[in-house]
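According to mature numbering (1 follows the signal peptide of the UniProt record, and there is no 0), the residues represented by the sequence shown are -25 to -1, 1 to 111, in order. Note that the Cβ used here is the ideal one computed from N, Cα and C, for glycine as well. Notes follow once the structure below has been shown.
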Amino acid sequence: MFRATTRRLALAGAALTLAALPVHAAMPPAMKGETVDLAYYDSISRTGTDQLPTDPYCAAPDMLAADLGEAYQEDIVLTAMNPDGTQFDVWASGAAGTWTVSYTRADGIACVIGSGTDWSTGDDASARLTDVGLPL
């Protein structure tokens, strides 16, 4: 019970931070034409309930999926696999109108790298990757 509550609070804190800065939590948003610094997310050592409120939310992918599903009713609408074993997922909820982009690192930890509240069913999920500074 305590772990689930703490996990929800960590996700809520990350979501609030991302709502205030819709593209990145602790990182400044990528300027138009700039790419997101994935090395920053690769260097995050605290995950899940060990994270500070200022850390971008990083957790095991199943924990991230449960949290995004419970809190925002989001499901994966696009997955982009990379040759180096990393991947990007775009999560979205037509009902809640929210979207999230997660980056799964080579070590299997998934980090939220962007989110927003302007999702409509039928939106172009790949455009969200560009929104957070990922080149296509």
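State the Cα-Cα distance for the pair Asp82 and Thr75, rounded to the nearest angstrom. 20 Å
How would you label Val107, buried or exposed, when you count the other beta carbons within 10 angstroms and need 16 or more for buried? buried
Using the Cα positions of Asp37 and Asp30, report the straight-line distance between them to the nearest angstrom. 19 Å
Under 8 Å by Cβ, that's how I've got Ala35 and Ile84 pegged, so tell me the actual separation to the nearest angstrom. 7 Å
Are there three or more Cβ pairs, one per stretch, closer than 8 Å when the stretch 58 to 74 is compared with the stretch 92 to 102? yes
With a cut-off of 8 Å on the beta carbons, I'd call Glu49 and Thr22 a contact; round off their distance for me. In fact, because the Cβ distance is near 19 Å, the residues do not count as touching under 8 Å.
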